[in-house]
Structure formats: C-alpha cells, structure tokens
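Chains as they are written, first to last, in this note's numbering: chain A, 153 to 443; chain B, 49 to 380.
To start, the structure itself, in structure tokens.
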Amino acid sequence: MEDFLIGLAPPIIKGIFLGGLYVVIALGLSLVFGVMKLINVGHGDLVILGSYFAFAAMSWLGMDPFLGLVMGVPLFFGFGFLVQRFIINRTFRVSLDAALIATFGISIIVQGLVQAIFTPFARSLNTSYRLETFAVGPLTISLRYLLDFIGGLAVMIALREFLRRTYLGKAISAASQNKPVAQRMGINPTRVYSFAFAIAMSCAAVAGVLQGLTFSFTPTSGPPLLIISFGVIILGGLGSMAGTFIGGMIFGLTQTLGAYLSGGSMLVQNIAAYLLVFVILAVRPQGIFGR
Amino acid sequence: MVVRDKMKIPRLTTLISVAALVVLALFPVVGVSLSWLNYLFIFFIYLALANMWNLLAGYSGLICLCPHAFVGLAGYTLAIGTWLGVPFQAGLIAGAIVAALFALLISYPVFRMRGIYFAIGTLILPEVLKVWFSYWRPVGNVYQGMGAGYSVTGVAGVTLVDTYWLGLAIAAASIFLVYMILKTKLGLGLTAIRDNENTAASAGANVFRLKLYSFIIAAFIMGIAGAVYYIFSPRINPTGGFSIRWLLVPLMATVIGGEGLEEGPIIGAAIVTFLTFRLADYGAWSLLIQGIILLVVVTVMPQGIAGLLRQVGAYRFPVKLFQAAEGRIHKS
Chain A
153 MEDFLIGLAP PIIKGIFLGG LYVVIALGLS LVFGVMKLIN VGHGDLVILG
203 SYFAFAAMSW LGMDPFLGLV MGVPLFFGFG FLVQRFIINR TFRVSLDAAL
253 IATFGISIIV QGLVQAIFTP FARSLNTSYR LETFAVGPLT ISLRYLLDFI
303 GGLAVMIALR EFLRRTYLGK AISAASQNKP VAQRMGINPT RVYSFAFAIA
353 MSCAAVAGVL QGLTFSFTPT SGPPLLIISF GVIILGGLGS MAGTFIGGMI
403 FGLTQTLGAY LSGGSMLVQN IAAYLLVFVI LAVRPQGIFG R
Chain B
49 MVVRDKMKIP RLTTLISVAA LVVLALFPVV GVSLSWLNYL FIFFIYLALA
99 NMWNLLAGYS GLICLCPHAF VGLAGYTLAI GTWLGVPFQA GLIAGAIVAA
149 LFALLISYPV FRMRGIYFAI GTLILPEVLK VWFSYWRPVG NVYQGMGAGY
199 SVTGVAGVTL VDTYWLGLAI AAASIFLVYM ILKTKLGLGL TAIRDNENTA
249 ASAGANVFRL KLYSFIIAAF IMGIAGAVYY IFSPRINPTG GFSIRWLLVP
299 LMATVIGGEG LEEGPIIGAA IVTFLTFRLA DYGAWSLLIQ GIILLVVVTV
349 MPQGIAGLLR QVGAYRFPVK LFQAAEGRIH KS
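As structure tokens, this is what we get:
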C-alpha cells in the first residue's frame, strides 16, 4: 500500500504541472467563447501553429523558443485581430453556425499551411534544457513540466490583471457578461471581439511554445488540444479563472494517472481525457462549476 | 391537382430525374471512358455524404462534425468482415448498420447538448475512434508501431463499373430519401426544430425522436457511402478512415452549394469533386486552398451558389418552361 502511494506521487505531480499547459490553451478558447459565444474550432491548430512558429524561429534563426515569443506574440496578436475583423465578424452577421464553419475553415487552412511548409513528420522543440530533470527530495521533476506549470500560472495572472485593470480588459469582461448593456455603455462589440480574438491568438503563441517543449507535434495535433481545452473550460465554468485552473489540473491528472494506473497503456492515456470531456458534456453541458 | 398527379402521367420533374438516372446508369455500357467513371464515382460518394450532412445541418439544425466517425466505422466493419470471410455485399450493409447503431448509441449523450456544444461533442467521437482503432486489432497479426491498418480482401474481382453502379444507387437513394423526408411530417418537424427548438417542442414535436431519426438515417447513408469508397480503394487505416477529409467534403459541398436547399449539395458536390481532382497535384497545399475557398464562400455568399441562383431568379425561366410543357401535355 505504501509503495503504491509513493509510486502515485510522480504521476500526480506530473499531471498537475501538465495541467498548466492546458490552462494556457483553455484561456484563449475561453476568452473567445465568453465574449462571442463561439467555439473557435481552429484554436488547437493555432496552438500548433505557435509550436511551428517557435520551431521555425529556432531552426532558421537559432532563437530560443521563449525568445522567439518576443516576435511571435505581436505577430499572432496582429494576425488574430485581422482574422476576426475581416472574416469572423462578417460571418456573425449571417449566423453563429456560419461563424463556426468559418473557424473550421481556419483550422483547415492552418493544418494545410504547416503541412505544406514543414511536412507531416513529427517535430519537437529540441532545446538544450528540454529533457533536463532535477531532484527535489525523493522526487525527480522534469523541467519542461515545471515550465508548463509556471507558464500556466503566469499567463493566468497576467490575463486576470489585464481584464481587471485596463479599460480594454473591462470592456471585454463587460461584453462577455451582458452584451446589450455593454453596448449601451458605449462599448463597440465588434471591436472588442477583434481584441479578444487577438489576445486569444497571443495565448496560443505562448501555449504553442509550451506544448512544443512538452510533446512532439504534427500538423494534425490540433484537434485533440481543442477537445481537451474545451473540456477544461466546461469543467471550470466560464469566466472563472480559478475554475479553469482546476479544470486544467484535472485533465492533466486524468492523463497521467490514467497512464500510470493502466500500467503505461498508450490507449488509456490518449482516450481517458476524451472520455472525460464526453461524460461532462453528456451529464452537465453547462459545466460542473458553471451555473 | 393531386388527382391529376396520380391519375395521369408523372410530373415532368420526376420524369427528368428518372431519365437522368437511366442515362447515368447506362454510361458504363455505352463506353464512357474509365477516367470519367472514376470522376463520377467520387462525385456520387461525395453527393451522398453532402446530402446527409445537409439533412442534418440544413434541415435539422444539427451541426454534426462527425461524418468521419460513420465513414471510418463502416469502412472498418467492411474490412474486418472480409478478413473473417464475410462477402463484401454483406459487409456493406453491416458497415452501414454499425454506423447507424453507433449513432443510436451516442444519441442520448449528444442530444443533451445544443448548438455549439453539440458540434464539439460530435467532434470528439472520431478522435476517440481514431485512437481506439490505432491500438485495437481484432483479426490478423499485430503490427508494431503504426499498426491497425487493414486491406479489404476479396474485392479483387470488383471492377470500377460495379462500384460506379453502387455509388450511383446510393447517391440516387440519398436524394430520394431527403425528398421523401421533406414531404413527410418528419421533415416538417425537423425544420421546426431548426428554426426554434423550444417552440417546436411546445407545439408538440417530439424533438428527441425527430433528431434521432434524421441522425440515424444520415449515419446509415454516410456509412454505406464510406464502405463503398473502401471497396473502390481497398485499404483503410485509422488516420485515413477517420480523416478530417470525410468531414471537410460534405461540409464544403453543402456550404458551397447552399445549406438547407435541396439542390445545394448537388452543385456543391460537383464543385468539390472537381477541386479534389484539380488540386490533387498540389499535395498539402490543396488543403490550404480548400480552406480558403470555404472561408471566401462563408464570408461572401453565405447562402451558397444555389442561394445566389435563387436570388437572381435563375430558376424562373426553366420553371416557366416546365409549367408550359406540363400544361401542354395535360391538355392533350
């Protein structure tokens, strides 16, 4: 029994740390979902685009992935602003379904783009520190999982302060809480949408680096990330940062504990998170912590 | 009016559809080249998928992002069946039935979700199946690594002409089915649900059952269309069978052609077939180009080509011609 509990400690720590990655991905998705009531079907692919961007910056310019973010975040921000302004805002005038189909189009375009440029082979961000580990007492911790956790925490706090303290952040929160009233207070919703999507894209750029350091990726790695992050936001409830954080941890734990308890079965590790999302959706579509 | 339709000759539109069907069925006999039969076969498969996607998205308001689950399941059923010595004809039907049963099985959880939740909920299913079939290998040797692919055995004697006829039959059946559904009470109820689910429910429509029927019918037809494709191209693996391509094709065909319009998928499937062959030389770029086309269509003409044609009144002249011709026939 004691051995079992000691054996349980590494997957639990790994799962909690891994949850940080899912938090970063889910925050971008949640921001867009909160403001527009739209699921960006291409969000997972945009994260993978972030991974490939870091990969390109690393292999072509020799930049460290985190240094590459100095370039990547503004680029993704501008790109997201334009996409929302010229594509998704237009489709909103038709219907929500049209907007959903437009985001699916974005997903296909990103998949095609990275496949054409980088071939379908699996890549990873092979930095010198990627596989480093260090010991804390009896436990060994991989640096990349620790980076996930720190990244998740940092992005969450930054976003929270942004939403609370800046005018734009308050406008975004207002539009997601009650759109008609926000509009009457002089907030232009389409402009807010554009900024929300741009910030979501910036989150995707950061998430892309973390995901690239943690796992290897291919052009089709996006949809699984979308599904897991969607699970995180419905588990955590909309607009609740703490809920999203806990949701991310639960999904991280599901994967690592699922793998550990099934004796390292890849099938269980890959399928457990999907089944959890499906069960949450079927039992409580409005989310566990949601109203 | 109704009596006239039943007693005298069938209406001209019916006559024209039957004539078109007969002409298409005779194509292999009169020596149309094999490459054209190939194009048309792909068109038929795409048409059947697009019709069913249109039934779900256009008429029932279900944005279903899981056609690849049905296609892949039916393809796998066919492939595994042929390994166990089941003839492929039975495998086709079995594949469609498995797809329909899968739809029935998942209907309870997925119909609890609405709108966007439903879309994402269905998107999970093919991903789960893809992982499952990557590790599960019921017959044959277990490969190491990228395993779990199957070739469909025992279809070496099936020629392109046979699959052409099969494809034609399924495409025709899908068109007829949508036409019949729209004529019956089921179609009326579905349209009511699409327009406003709560109002439809309070007006006495059994929302769950109506959605379930259209979902199962769509799964069956999509399944059998997918299985026929895997007779034509007898090799299936998890990434191919559950490929997002099987979602992209019906979605693009319906959106480009015109969602919620009967003739939309026919126009859209023809364009998507053309694009598939035209873009085949460009490899990965083809996906990118298809995505751009999809975005342009959604932003510039959300009603699709059929909607545009209706708007500019392109049908007025042929319809008048029809009516005049029909009047003449009934007078004589």
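The C-beta atom is built at its ideal place from N, Cα and C for all residues, glycine as well.
Item: Use the C-beta contact count for leucine 153 of chain B: other C-beta atoms within 10 angstroms, 16 or more gives buried, fewer gives exposed.; Value: exposed
Item: Hey, how far is the Cα of leucine 121 of chain B from the Cα of glycine 264 of chain A?; Value: 25 Å
Item: So, for glycine 224 of chain A: in the same chain, excluding its five sequence neighbours on each side, which residues have a beta-carbon less than 6 Å away from its beta-carbon?; Value: Phe205, Ala357
Item: Assign tyrosine 363 of chain B to one of three DSSP states: helix, strand, or coil.; Value: coil
Item: Please state the DSSP three-state secondary structure of valine 70 of chain B.; Value: helix
Item: Given a cut-off of 8 Å on the beta-carbon distance, is the pair isoleucine 385 of chain A and phenylalanine 185 of chain A in contact?; Value: yes
Item: Can you tell which of B:Ile229, B:Tyr94, B:Ile128 has its C-alpha closest to the C-alpha of isoleucine 265 of chain B?; Value: B:Ile229
Item: With DSSP run on the structure shown, which of helix, strand or coil describes tyrosine 183 of chain B?; Value: helix
Item: Would DSSP call glycine 193 of chain B helix, strand or coil?; Value: With a pLDDT of 43 at glycine 193 of chain B, under the threshold of 50, the modelled position of that residue is not reliable, and the figure given next carries that caveat. Glycine 193 of chain B: coil per DSSP, three-state reduction.
Item: Could you check whether the region 302-320 of chain B touches the region 210-225 of chain A, counting it as contact only if at least three pairs of C-beta atoms, one from each stretch, sit closer than 8 Å?; Value: no
Item: Please report the distance separating the alpha-carbon of phenylalanine 263 of chain B from that of proline 135 of chain B.; Value: 27 Å
Item: State yes or no: is the beta carbon of leucine 179 of chain A nearer than 8 Å to at least one beta carbon in chain B?; Value: no
Item: Determine the chain A residues that contact glutamine 338 of chain B at a beta-carbon separation under 8 Å, and present them in chain order.; Value: Ile260, Gly264
Item: Taking Cβ-Cβ distances below 8 Å as the criterion, which residues of the region 191-202 of chain A are in contact with chain B?; Value: Ile191, Val193
Item: Looking only at DSSP bridge pairs, what is tyrosine 198 of chain B linked to?; Value: B:Ile284
Item: What in chain B is Cβ-close to phenylalanine 382 of chain A, meaning under 7 Å?; Value: Ile168
Item: Grab me the residues of leucine 140 of chain B's own chain with a C-beta within less than 7 Å of its C-beta, minus the 5 sequence neighbours each way, in chain order.; Value: Leu126, Ile272, Ala275, Val276
Item: Which of the three DSSP states, helix, strand or coil, is assigned to isoleucine 293 of chain A?; Value: strand
Item: Label asparagine 422 of chain A either buried or exposed according to how many other C-beta atoms from any shown protein chain fall within 10 Å of its C-beta, with 16 as the threshold for buried.; Value: buried
Item: Going by Cα to Cα distance, which pick from A:Leu295, A:Val333, A:Ile351, A:Glu154 is closest to alanine 178 of chain A?; Value: A:Ile351
Item: Looking at the secondary structure, which residues open and close the beta strand (DSSP E) in which threonine 285 of chain A lies?; Value: 285-288
Item: Applying a beta-carbon distance threshold of less than 9 Å, which residues of chain B neighbour phenylalanine 347 of chain A?; Value: Chain B residues near phenylalanine 347 of chain A: none, gap ~20 Å exceeds 9 Å.
Item: List the endpoints of the continuous alpha helix (DSSP H) containing phenylalanine 430 of chain A.; Value: 418-435
Item: Looking only at its own chain, which residues have a Cβ that is under 7 Å from the Cβ of leucine 238 of chain B, when we skip the five neighbours before and after it?; Value: Tyr107, Ser108, Leu258, Ser262
Item: List the residues of chain B whose Cβ lies closer than 7 Å to the Cβ of tyrosine 426 of chain A, in chain order.; Value: Ile172, Glu175, Val176
Item: Does DSSP classify phenylalanine 369 of chain A as helix, strand or coil?; Value: strand
Item: From proline 366 of chain B to leucine 104 of chain B, what does the alpha carbon distance come to, in whole angstroms?; Value: 29 Å
Item: Shorter than 8 Å from the beta carbon of alanine 332 of chain B to some beta carbon of chain A?; Value: yes
Item: Taking 8 Å as the CB-CB limit, is threonine 243 of chain A close to chain B?; Value: yes
Item: Give me the Cα-Cα distance between serine 354 of chain A and glutamate 284 of chain A, rounded to the nearest whole angstrom.; Value: 27 Å
Item: Any idea what DSSP makes of methionine 337 of chain A, helix, strand or coil?; Value: coil
Item: From threonine 324 of chain B to threonine 292 of chain A, what does the alpha carbon distance come to, in whole angstroms?; Value: 51 Å
Item: Check the Cβ-Cβ distances between isoleucine 267 of chain A and every residue of chain B, and say whether any is below 8 Å.; Value: Correcting the residue type first, residue 267 of chain A is glutamine in the shown sequence and not isoleucine. So yes, glutamine 267 of chain A belongs to the interface.
Item: How many Å lie between glutamine 192 of chain B and isoleucine 379 of chain A at the Cα?; Value: Low per-residue confidence applies at glutamine 192 of chain B: pLDDT is 44, beneath 50, and the placement is therefore not dependable, though the value from the model is reported in the following sentence. Cα-Cα distance, rounded: 28 Å.
Item: Arginine 59 of chain B by DSSP, collapsed to three states: which one?; Value: coil
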